[in-house]
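Working notes for the structure below.
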Amino acid sequence: MDKSGFLYVSDKTKNEVRRWKMGEYSNEGFVVAGGNGEGHKLNQLHHPTFIFVDEDQSIYISDRDNHRVMKWRKNAKEGIVVAGGKGQGNSLAQLSNPQGVIVDHLGNVYVADWKNDRIMRWCERSQEGSIVVGGNKKGVQANQIYGPKGLSFDVHGNLYVVDCDNHRIQKFDIDLN
């Protein structure tokens, strides 16, 4: 949901993201990302999962099976890759089945890199991300995560991670500067 009252839903079967105005339920909504079949082109998605909408109504989408995060600006016909997109893997330029995505006030993109058990931060126009949480094998210790899914920030800049396979939510103090 954005501040203008629009609801966004990712459809992993139709490989698209749709938008509805709250209160207007009699229509099918509008495709705002994807909708061009399953694929890896810039106008396509392959199993979109989590989404984040910024102040400008740009949509950040975890494009899970393309191992990337896409940004679709309002009214765009195609997206741009803002994280990953270099095939599945565990290098700093790669993601493996990305899930939760969130963007901070500086425009940095945070991604729950599910199969790599880490949270990555990608600065604007960066070719590589940096590991901010995990990345030291899955586990139950405080500095480890296992199957991260959702992400959220609080007003103090703390990062909350849904550590799915450990059945817990962890709080991390992340330097946002």
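In the UniProt record's numbering, the protein residues as written are 1 to 177.
Heads up, the beta-carbon is just placed ideally off N, CA and C, and yes, glycines get one too.
| Item | Value |
| --- | --- |
| L45 - partner residues in DSSP beta bridges | E38 |
| R125 in three-state terms, based on DSSP | coil |
| Where L106 falls, given that 16 or more other Cβ within 10 Å makes a residue buried | exposed |
| Cβ contact (3+ pairs, closer than 8 Å) linking the region 125-133 and the region 97-106 | no |
| Residue 178 burial status per 10 Å Cβ neighbour count (16 or more: buried) | With the chain represented from 1 up to 177, any question about residue 178 goes unanswered, as that position is not in the structure. |
| Beta-carbon proximity of residue 179 to I145, cut-off 9 Å | What is shown of the chain runs 1 to 177, which leaves residue 179 out entirely. |
| Per-residue DSSP class, three states only, for R64 | helix |
| Element boundaries [beta strand (DSSP E), containing L159] | 158-163 |
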